[in-house]
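To start, the structure itself, in structure tokens.
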Amino acid sequence: MDIGILRRDGRTDGFFDAAARDRLAVRRCPDCTRGGDGVSGDVLLPPDATSCPDCGTEDLEWADASGDAVLVTWTVLHGRPKEDGSTPPPALLALVELAEGPWLHARLDGVTTADLREGLPLRARFVHPGEGESYPLFLPV
Amino acid sequence: MNDGAAIAGLGMTELGRVYGRSPRRLAADAVRAAADDAGLALGDLDGLLVSHGLGGSPGIELADTLGLRDLRLLTQMNSFGATAGAMLSYAAMSVLSGAATAVACVFADAPLKPKQSAGSAYHRDAPEWYGFGGMTAALGFRSVNAFYALAAQRHMAHYGTTSEQLGAIAVSTRAWASRNPLAQMRDPITLEDHQNSRWVAEPLHLLDCCLVSNGAIAVIVTGADRAADLARPPVHLWGWGQGHPGHRKAAGSAFGLVTGAATSGPIAMKMAGITTADVTQAQLYDCYTSTVLVSLEDYGFCGKGEGGPFAASGALGPGGALPTNTGGGQLSGYYMWGMTPVSEAVIQARGDGGDRQAASDVILVSGNGGILDHHATLILSPHPKGA
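In order, the protein sequences belong to chains R and G.
For the first sequence, the residue numbers in UniProt numbering are 1 to 141.
For the second sequence, the residue numbers in UniProt numbering are 1 to 387.
Now the structure itself:
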């Protein structure tokens with residue numbers, strides 16, 4: 001499946017700026033910290049979060065995630081047959097859990113379906129196409 | 001005397017590859033048919049609840065299209081595939097509270113276009129993609145198939161559910177459809193046919209995925225006493241409930257494993273005064289075979305993780321212990337979102353099921369919306385509640 005050309009839409013510039021420098025950006029609530037259990041830390045949210053589910057603020061910051069993740073679940077998406085009878089190659093798609101907690105819908109690369117299992121360690125690697133924005137793929141560590 | 005609410009009328013347009021009528025026109029036709037079916041004039045309606053599909057139409061302007069005047073209840077509702085159940089429960093509460101006396105609930109959509117595949121109706125494609133959502137689509141998430149496949153695969157990884165067990169649902173549902181003249185797909189299939197059907201998004205084969213249909217379905221809800229005096233046997237609304245788990249996209253999420261049916265089911269059954277052992281048939285939202293499987297677990301028809309063996313036992317098909325999706329569901333019948341299970345439940349409760357008629361004393365109806373995000377449950381019966 002061709003990925004095509006990615007353009008920014010003004011709402012996620014921080015994500016694509018980070019991707020251009022090979023970093024995976026997520027959102028961070030400037031006000032909330034995880035506490036309670038004695039483990040304090042930033043509340044990190046998926047890159048497309050528009051507000052903090054705990055305090056409601058829409059003024060989320062961008063933060064670099066480690067790029068480390070584990071596999072949650074996956075699918076081999078098969079291309080839709082075209083009118084000429086050909087079928088585009090399948091894409092390996094997944095939900096991945098970032099080391100920081102948020103889940104991302106992601107595309108895997110460099111792995112065969114036989115190796116897929118829950119908890120498989122993955123790391124983001126960025127593609128920098130000639131035209132359009134950079135984007136992450138997730139590869140086994 | 002009985003002071004409950006009941007479905008008094010059912011109206012269905014032609015369903016499937018029906019072209020040349022807008023969703024608004026289809027919706028209007030279905031409401032007229034439902035009123036006719038109930039033996040009511042359009043002017044007898046004082047409530048209208050509207051739900052649209054992908055096309056974004058119709059909305060509340062449908063009242064103008066139908067020439068309805070002096071309505072006491074008019075609104076558009078949306079909880080995706082759970083909307084039909086939500087509309088019927090709102091209609092029932094409106095009737096019981098006295099806010100309205102005869103409420104039409106209608107869903108319409110016309111995503112199919114002539115000379116276009118069914119899959120393309122729910123598929124995005126573009127040369128350029130915008131923003132983070134665009135990137136996700138560009139990477140391959142261009143239709144809902146991939147998201148449901150992720151859920152199904154997670155269920156398989158956790159509980160050992162197999163493709164053959166999903167296939168058992170496709171086969172039993174088609175067996176029912178072969179007995180339903182309204183169904184779009186009536187040729188019987190085997191487990192081998194299921195396994196040989198092309199992959200859409202593993203672990204989902206083509207025969208794990210529902211149809212796409214154009215058309216509209218409407219029902220009329222009135223008080224049970226009034227329904228008893230109308231043209232058709234009342235279908236009593238014993239209970240209703242909703243469940244919206246709000247799984248966060250983060251560590252610890254039960255996505256794919258537990259749905260809102262685990263909440264909506266017990267609420268509806270408690271209201272109805274029943275347990276799963278009392279349910280004589282189930283009409284479950286079946287956008288995918290896997291949706292049926294996880295819903296069966298969450299309603300408690302089997303244990304968590306046992307949906308696969310339960311489906312493979314033959315319980316769901318003709319002659320089984322829990323006749324399920326007796327009209328062919330959305331997999332083989334017709335895809336009218338939550339109105340697919342509602343319409344078949346009404347047909348069954350009236351005893352109009354013909355060759356596919358199953359025991360219909362207590363019918364559980366399940367709607368599902370989003371990616372297993374929203375559930376609505378109805379308990380329907382030909383008998384007055386508590387009788």
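Even glycine gets a Cβ: it sits at the ideal position worked out from N, Cα and C.
CB contact flag (residue i, residue j, <8 angstroms)
| i | j | result |
| --- | --- | --- |
| G:PHE213 | G:GLN184 | The sequence as given places Ser at residue 213 of chain G; Phe does not occur at that position. Contact flag set, yes. |
| G:GLY265 | G:GLY246 | no |
| G:ILE379 | G:TRP238 | yes |
| G:ALA216 | G:ALA108 | yes |
| G:ALA168 | G:ALA6 | no |
| G:ALA152 | G:PRO203 | yes |
| G:LEU207 | G:ALA170 | yes |
| R:VAL70 | R:LEU139 | no |
| R:LEU24 | R:PRO136 | yes |
| G:HIS374 | G:ALA30 | no |
| R:GLU118 | R:VAL72 | yes |
Cutoff 8 angstroms: residue i Cβ touching any chain R Cβ
| i | result |
| --- | --- |
| G:ALA118 | no |
| G:TYR288 | no |
| G:SER163 | no |
| G:ASP3 | no |
| G:VAL200 | yes |
| G:LEU150 | yes |
| G:PRO127 | yes |
| G:SER197 | no |
| G:SER253 | yes |
| G:HIS123 | yes |
| G:ALA157 | yes |
| G:ALA146 | yes |
| G:GLY370 | no |
Beta bridge counterpart(s) of residue i as assigned by DSSP
| i | result |
| --- | --- |
| R:PRO140 | R:LEU122 |
| G:GLY16 | G:ASN214 |
| G:TRP199 | G:HIS205 |
| G:HIS194 | According to DSSP, which records beta bridges pairwise, G:HIS194 is partnered with nothing at all. |
| R:ILE3 | Answer is none; R:ILE3 lacks a bridge partner. |
| G:GLU128 | R:ILE5 |
| R:THR33 | R:ASP42 |
| G:THR101 | None; G:THR101 has no bridge partner. |
| G:GLN76 | G:VAL50 |
| G:ALA251 | According to DSSP, which records beta bridges pairwise, G:ALA251 is partnered with nothing at all. |
Closer than 8 angstroms to chain G by CB, residue i
| i | result |
| --- | --- |
| R:ASP9 | yes |
| R:PHE126 | no |
| R:VAL39 | Legend: pLDDT at R:VAL39 = 49, less than 50; position of this residue unreliable, no value from coordinates given. |
| R:PRO30 | no |
| R:ARG80 | yes |
| R:ARG107 | yes |
| residue 148 of chain R | Any answer about residue 148 of chain R is impossible in this case: the structure gives chain R only from 1 up to 141. |
| R:ALA91 | yes |
| R:PRO88 | no |
| R:PRO53 | yes |
Length of the line joining the Cα atoms of residue i and residue j
| i | j | result |
| --- | --- | --- |
| G:ALA8 | G:THR101 | 11 angstroms |
| G:VAL219 | G:ALA157 | 40 angstroms |
| R:GLU131 | R:ILE5 | 7 angstroms |
| G:ALA312 | G:GLU164 | 8 angstroms |
| G:LEU139 | R:LEU77 | 11 angstroms |
| G:HIS383 | G:GLY223 | 14 angstroms |
| residue 388 of chain G | G:ASP46 | Here chain G comprises residues numbered 1 to 387, so residue 388 of chain G is not present and cannot be evaluated. |
| G:GLY327 | G:VAL342 | 11 angstroms |
| G:MET87 | G:ALA261 | 17 angstroms |
| residue 142 of chain R | G:TRP129 | What is shown of chain R runs 1 to 141, which leaves residue 142 of chain R out entirely. |
| G:MET135 | G:ASP125 | 12 angstroms |
| G:HIS155 | G:ASP193 | 23 angstroms |
| G:ASP187 | G:GLN195 | 16 angstroms |
| R:LEU93 | R:ALA20 | 22 angstroms |
| G:LYS270 | G:THR324 | 21 angstroms |
| R:VAL127 | R:GLY110 | 13 angstroms |
| R:ARG107 | G:GLY67 | 51 angstroms |
| R:ARG28 | G:PHE132 | 16 angstroms |
| R:THR57 | R:CYS32 | 10 angstroms |
| G:GLU306 | G:LYS113 | 39 angstroms |
| residue 438 of chain G | G:LEU74 | Residue 438 of chain G lies beyond the range of chain G shown here (1 to 387); nothing can be said about it. |
| R:VAL39 | R:THR12 | At R:VAL39, the pLDDT of 49 sits below 50, so the modelled position is not reliable and the matter cannot be decided from this model. |
| R:CYS52 | R:ASP59 | 9 angstroms |
| G:PRO23 | G:VAL50 | 11 angstroms |
| G:SER120 | G:ALA277 | 41 angstroms |
| G:ALA250 | G:SER89 | 32 angstroms |
8 angstroms Cβ cutoff, residue i in contact with chain A
| i | result |
| --- | --- |
| R:THR75 | Absence of chain A from the displayed structure is noted, the protein chains being R and G. |
Could you name each continuous alpha helix (DSSP H) segment of 4 residues or more that falls completely within the UniProt domain "Thiolase C-terminal" (258-381) of chain G, going from the start of the chain to the end?
Given a length threshold of 4 residues, each whole run of the alpha helix (DSSP H) inside the UniProt domain "Thiolase C-terminal" (258-381) of chain G is given here in chain order: 261-272, 289-299, 307-312 and 339-349.
Sequence ranges, alpha helix (DSSP H) only - wholly within the segment 42-112 of chain R, length at least 4
The segment 42-112 of chain R contains no whole alpha helix (DSSP H) run of 4 or more residues.
In chain order, which alpha helix (DSSP H) runs of at least 4 residues are fully inside the segment 143-188 of chain G?
DSSP runs (the alpha helix (DSSP H)) wholly in the segment 143-188 of chain G: 144-159 and 163-177.
So within the segment 32-61 of chain G, which uninterrupted beta strand (DSSP E) runs reach at least 3 residues, ignoring any that extend past its ends?
Unbroken beta strand (DSSP E) runs of no fewer than 3 residues, entirely contained in the segment 32-61 of chain G, are found at 47-52, following chain order.
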